[in-house]
Each structure stands twice: as structure tokens, then as C-alpha cells.
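Student:
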Ligand code: NDP
Ligand code: MG
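Numbering (the working numbering), first residue to last: 14 to 398.
1. Taking the CB atoms as reference points, tell me whether residue 185 and residue 310 lie closer together than 8 Å.
2. Tell me whether residue 55 counts as near ligand 2, meaning its Cβ is closer than 7 Å to at least one heavy atom of that ligand.
3. Is residue 75 close to chain B? Criterion is C-beta to C-beta, closer than 8 Å.
4. At the level of alpha carbons, what is the spacing between residue 259 and residue 235?
5. Tell me whether the beta-carbon of residue 363 lies closer than 8 Å to the beta-carbon of residue 345.
6. Going by DSSP in three states, residue 248 sits in which element: helix, strand or coil?
7. Apart from the five residues just before and just after residue 385, which ones in its own chain have a Cβ nearer than 6 Å to its Cβ?
8. Is DSSP giving residue 275 helix, strand or coil here?
9. Closer than 7 Å between the C-beta and any heavy atom of ligand 2: which residues qualify, listed along the chain?
10. Sort 241, 80, 214 and 371 by Cα distance to residue 29 and report the nearest one.
11. Could you round the C-beta distance between residue 251 and residue 305 to whole angstroms and report it? I think they count as a contact, below 8 Å.
12. Within 10 angstroms of the Cβ of residue 39, are there 16 or more other Cβ atoms? Answer buried if so, exposed if not.
13. With distance defined between alpha-carbon atoms, name the residue in 25, 173 and 278 nearest to residue 216.
14. For residue 51, which residues of its own chain have a beta-carbon under 8 Å away from its beta-carbon, when the five flanking residues on both sides are left out?
15. Which same chain residues, not among the five before or five after residue 296, have their C-beta less than 8 Å away from its C-beta?
16. Does residue 195 pass the burial test, meaning 16 or more other C-beta atoms within 10 Å, or should it be called exposed?
17. Taking the alpha-carbon positions, what's the residue 128 to residue 396 distance?
18. To the nearest whole angstrom, what separates the beta carbons of residue 228 and residue 198, a pair I think is in contact under 8 Å?
19. Any heavy atom of ligand 1 closer than 7 Å to the CB of residue 278?
20. For residue 270, does the three-state DSSP call read helix, strand or coil?
21. Label residue 281 either buried or exposed according to how many other C-beta atoms from any shown protein chain fall within 10 Å of its C-beta, with 16 as the threshold for buried.
22. On the CB-based measure, 16 or more other CB atoms within 10 Å of its CB, does residue 387 come out buried or exposed?
23. Does the beta carbon of residue 170 fall short of 7 Å from some heavy atom of ligand 1?
24. Between the Cα of residue 264 and those of 382, 18 and 178, spot the shortest distance and give me the residue it belongs to.
25. Can you look up residue 313 in the DSSP assignment and give me helix, strand or coil?
26. Since residue 156 and residue 149 should fall inside the 8 Å C-beta cutoff, what is the C-beta to C-beta distance between them, to a whole number of angstroms?
27. By the three-class DSSP mapping on this structure, what secondary structure does residue 243 have?
28. With a threshold of 16 other CB atoms inside 10 Å of the CB of residue 276, please say whether the residue is buried or exposed.
29. How is residue 265 classed by DSSP in three states: helix, strand or coil?
30. Mapping DSSP to helix, strand and coil, what is residue 41?
31. Give the DSSP-derived three-state secondary structure of residue 119 in the structure shown.
32. Report yes if the C-beta of residue 340 is less than 7 Å from at least one heavy atom of ligand 1; otherwise report no.
33. Ends of the beta strand (DSSP E) at residue 55?
34. Are residue 124 and residue 18 touching if we call contact CB-CB under 8 Å?
35. Is the Cβ-Cβ distance between residue 132 and residue 372 less than 8 Å?
36. Three or more C-beta pairs closer than 8 Å, one from the region 59-68 and one from the region 85-102: is that the case here?
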């Protein structure tokens, strides 16, 4: 076996693609975790011979036990279960591909245990970047980016020195509503927002891509992963999603990573690093594309993007607050409780209303997250967004 991994969020978009990579490259799988999809989780556990399975919702544990009754898989539940998986011995890499802030505590548990992490769960770094990066550095734990842009930056850094970076070009597809005015987005439905032009992803990140919150989260993620200041990151809308991001060095030479938009490339690179080997994705034909386009993002229409940059520039708990507000607002939009534009309004309102403070412990992050979510819930009840 090449390596042994665990996957948190194995039933999701990234998780299932990671298991395809595991299947293709005979990567060992020690443990898998999901939120509530017992059916797929039990099938995955059997196929990969995992020793541990965690289902977050404990009311689903009996169902999972029944499905796995012919095995001796250890079944875990809840946050304790995720933490136990994060602390297993004999694991080379833990892939964290759960969606949302819930990924923070297991990430910290893996770091404390000394397990390297392949990180898809960007909310972790947005909310707790300082704590996560400092602790990983202390423990000598590596964090390999899975997000395509950050993988592109990581790949463009190979063979070069971090201290020679001048800036980063973070590319953005622009999502389904690129070029629309604010007023034109008033009556956007969840169905329209869930139609991403280039990528097939989970619902939450697809909405984040439509509001450009996703690019804001990635801006913050890049700052932490590559030790950059906000001024060093330029966001460029690149509709074709072929150039996944680039690094500009001190000699003004720019190195980029290109490829078809398929998450299997960055997932595989993170799991098998430093090995570069065959990957079952389409060949990139630049002549099929013919032309690649570039534009500036619209910070006024896409308020979430601006809010993220303001939050990380101020620092402290504001990125956690903005992220928590967005998670609550996206859930409310998907369940038809608020409008599409309501997401940006609520995120901006939380940014402006939160009293900032320094992050001293994980509790400060969780507290800011909780406060932002309750604020959003209260405001939704008070008035229509
Ligand atoms: P999905 O919604 O497709 O999948 C989420 C996964 O997390 C599912 O397996 C889900 O389980 C699991 N999960 C959710 N909550 C919990 C919990 N509390 N405990 C255990 N498991 C949980 O999301 P994606 O795969 O699209 O995204 C995952 C992360 O990766 C996000 O942070 C996203 O921003 C990031 N990302 C995704 C990309 C993509 O292409 N999809 C690209 C770059 C980053 P269940 O199925 O049971 O609900
Ligand atoms: Mg991305």
C-alpha cells in the first residue's frame, strides 16, 4: 500500500472523489466518517476494509451497526468519534473534507496527535487559521491543500522559495451570476444558484461560489497557508477555470498550474505528495478552449467577498464571525427562508455588529461562531431578507 489515510466527510463530493483516488492507487483506508448517510458510509467501509466508522448523528448509530453487523468495524459517533478518528495511530494523512466549522476541532486533534492533514475543509482555516497554523508549526505537522486554487499555489511553489513570493493570483470562476448587477440578483432561486458553470460540488460550497463567499474564504485560507498579507493577493475572475491560480515571484516571473477543472488532480496531489503519478482525469487541450479570459471581481455586487477581506484585514474573531454568519445564512437560503441577496446582507451585518477581540483559545472561535449564527437567526425572525 502507498499510504494509509482516514477520511472525514467520505460520503461528500470531495470524500467520494478521494476514495476513487484511493481505489486507483491502492491507498489504505483506516477510518471513514460522515454526518448521516449510513448507506453510503457502510458500503465504503466494507469496500475499503476500514477499521473505524463514525456517524456524526448518534441517532443513526443503530442503523449503521445493523448495516455493518457482519464486520468487526468499530462504530463511533459525534464530535468524540471524529476526534478519536483524528487521533488514530498508523495513519499517514487525515483528509478533512467535512463541510463547515465542525471540522475545526478534529483538525486540531489530528495536529495534536502529529498526523499530517490534507485539508479541503476551508472553514477550518478561515475561523481558526492562527491557532491551526501555529499549532501545526509547533508540532511539525504538514497541511496539504486540497482546494484547487491552493493546490495550484502549492504546486507552483515547488522548487522555489516561499520568501521569494511577491504576490499570489487567486483565480475565480465568477460563479453562475458573473456580470449580473445587484438588482438582477433579487429573485435568484436556490435552483439557479446551485448551477455552477464549471465544478460539481456539495450544495454549501456551490452557493458560496454563487455569492463569491467561496473566494473570500479562499482569500483567507491562502493567507494562512502561505503566510501572506491581504495586499499580496489579487483575485482575478477567470471564467474557464483552467488556470487554477498562480504565484508571482520577486523577479516578476509568474508560475501557474493549469488543468481541466477536476478535483481529483488536487486531491491526489495532496494525498500522494510528493509523488506525481497518473490521474484518471481528462487531458487539457488548450486549443479546444481557444481563449482564456480574465476580469476584475465586482466587490459591490458580491458583498460576501468584500466582507471576508475586511474581516481578515481586521483579524481577531471577525473571520470566524463572518464564516458562522455565512453558514447560517446559506442554510436559511437553501431552506427558502431568505433571499439570495439576504446572504450578503446578513454576513455584512454580522461583520459590522461583532465586537472584535483577539483569539486566545479554540473557545474564542467557537463562541464567535455561535454568536454569529444566533444573530443571523434572530434577524431572520425579526425581518425579511
Ligand atoms: P458535501 O456537502 O458534498 O459533503 C460534505 C461531507 O461532510 C459529507 O460526507 C457529509 O456527510 C460530511 N459531514 C458534514 N457534516 C459532518 C459532521 N458533522 N460530521 C461528519 N461528517 C460530516 O461537501 P463538499 O465535499 O463539496 O465539500 C467539503 C469541504 O471541502 C467544504 O469545506 C468545501 O468548501 C471544501 N471544498 C470542496 C470542493 C468541491 O469540489 N466539492 C472544492 C474545494 C473545497 P453526509 O453525506 O452524511 O451528510
Ligand atoms: Mg476552490
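No residue lacks a Cβ here, since even glycine has one placed at the ideal position from N, Cα and C.
Tutor: Let me lay it out:
1. Counting from one through the chain shown, the residue named residue 185 turns up at place 172. Counting from one through the chain shown, the residue named residue 310 turns up at place 297. Yes, the Cβ-Cβ distance between residue 185 and residue 310 is below 8 Å.
2. Sequence index remark: in the chain shown, residue 55 carries index 42 (1-based). Checking every heavy atom of ligand 2 against the Cβ of residue 55, none is found closer than 7 Å.
3. Given the protein chain composition of this structure (a single chain), no chain B is represented.
4. Within the chain shown, numbered from 1, the residue matching residue 259 stands at position 246. Within the chain shown, numbered from 1, the residue matching residue 235 stands at position 222. Each residue's alpha carbon lies about 12 Å from the other.
5. Reading the chain shown from its first residue, position 350 is the one you call residue 363. Reading the chain shown from its first residue, position 332 is the one you call residue 345. The answer is no: Cβ separation not under 8 Å.
6. Mapped onto the chain shown, residue 248 falls at position 235. Correct three-state label for residue 248: strand.
7. Your numbering for residue 385 matches position 372 in the chain shown. Excluding residues within five positions, the ones whose Cβ falls inside 6 Å are 334, 337, 338 and 363.
8. Here residue 275 corresponds to residue number 262 of the chain shown, with the count starting at 1. Here residue 275 sits in coil by DSSP.
9. With 7 Å as the limit, the residues whose C-beta approaches any heavy atom of ligand 2 more closely are 160, 161, 162, 227 and 231, in sequence along the chain.
10. Translated into positions along the chain shown, residue 29 becomes position 16. Comparing Cα-Cα distances from residue 29 to each of 241, 80, 214 and 371, the minimum goes to 214.
11. Taking the first residue of the chain shown as 1, we reach residue 251 at position 238. Taking the first residue of the chain shown as 1, we reach residue 305 at position 292. Indeed, because the Cβ distance is near 7 Å, the residues count as touching under 8 Å.
12. Residue mapping note: residue 39 aligns to position 26 of the chain shown, counting from 1. Result: exposed.
13. Within the chain shown, the letter at position 203 stands for residue 216. Looking at the Cα atoms, 25 is the closest of the given residues.
14. Stepping through the chain shown from its first residue, residue 51 is reached at position 38. Hits under 8 Å: 68, 73, 76, 77 and 80.
15. Here residue 296 is taken as the residue at index 283 of the chain shown, counted from 1. Here the set comprises 273.
16. Here residue 195 refers to the residue found at position 182 when the chain shown is read from its first residue. That one is exposed.
17. Residue numbering aside, residue 128 sits at position 115 when the chain shown is read from its first letter. Residue numbering aside, residue 396 sits at position 383 when the chain shown is read from its first letter. So the two alpha carbons sit approximately 46 Å from each other.
18. Numbered from its first residue, the chain shown carries residue 228 at position 215. Numbered from its first residue, the chain shown carries residue 198 at position 185. Actually they are not in contact, since the Cβ atoms of residue 228 and residue 198 sit about 16 Å apart, beyond 8 Å.
19. By 1-based counting over the chain shown, the position of residue 278 is 265. Result no, Cβ not under 7 Å from ligand 1.
20. Sequence index remark: in the chain shown, residue 270 carries index 257 (1-based). Correct three-state label for residue 270: strand.
21. As a first step, residue 281 is located in the chain shown; it is residue number 268 there, counting from the start. Here residue 281 is buried. Its C-beta has 16 or more other C-beta atoms within 10 Å.
22. Counting from 1 along the chain shown, the entry for residue 387 is found at position 374. Residue 387 should be labelled exposed.
23. As a first step, residue 170 is located in the chain shown; it is residue number 157 there, counting from the start. No, since every heavy atom of ligand 1 falls outside the 7 Å radius drawn around the Cβ of residue 170.
24. Position 251 of the chain shown, counting from 1, holds the residue named residue 264. The shortest Cα separation from residue 264 among 382, 18 and 178 belongs to 178.
25. Reading the chain shown from its first residue, position 300 is the one you call residue 313. Here residue 313 sits in coil by DSSP.
26. One-based indexing of the chain shown puts residue 156 at position 143. One-based indexing of the chain shown puts residue 149 at position 136. Between residue 149 and residue 156 the Cβ distance is about 6 Å, and since that is below 8 Å, they are a contact.
27. By one-based count along the chain shown, residue 243 stands at place 230. Here residue 243 sits in helix by DSSP.
28. Stepping through the chain shown from its first residue, residue 276 is reached at position 263. Classification for residue 276: buried.
29. In the chain shown, counting from the first residue as 1, residue 265 sits at position 252. Correct three-state label for residue 265: coil.
30. Locating residue 41 in the chain shown gives position 28, counting from the first residue. Reduced to three states, the DSSP call for residue 41 is strand.
31. By one-based count along the chain shown, residue 119 stands at place 106. Correct three-state label for residue 119: helix.
32. Taking the chain shown and counting its residues from 1, the one referred to as residue 340 is at position 327. No, ligand 1 has no heavy atom inside 7 Å of this Cβ.
33. The count along the chain shown starts at 1 and reaches residue 55 at position 42. Counting along the chain, residue 55 falls outside any beta strand (DSSP E), though it belongs to the alpha helix (DSSP H) covering 51-61.
34. In the chain shown, residue 124 corresponds to position 111, counting from 1. In the chain shown, residue 18 corresponds to position 5, counting from 1. Taking 8 Å as the Cβ cut-off, residue 124 and residue 18 do not qualify as a contacting pair.
35. Position 119 of the chain shown, counted from the start, is the residue given in the question as residue 132. Position 359 of the chain shown, counted from the start, is the residue given in the question as residue 372. Contact flag unset, no.
36. When C-beta atoms of the region 59-68 are compared with those of the region 85-102, three or more pairs fall below 8 Å, so the two segments count as touching.
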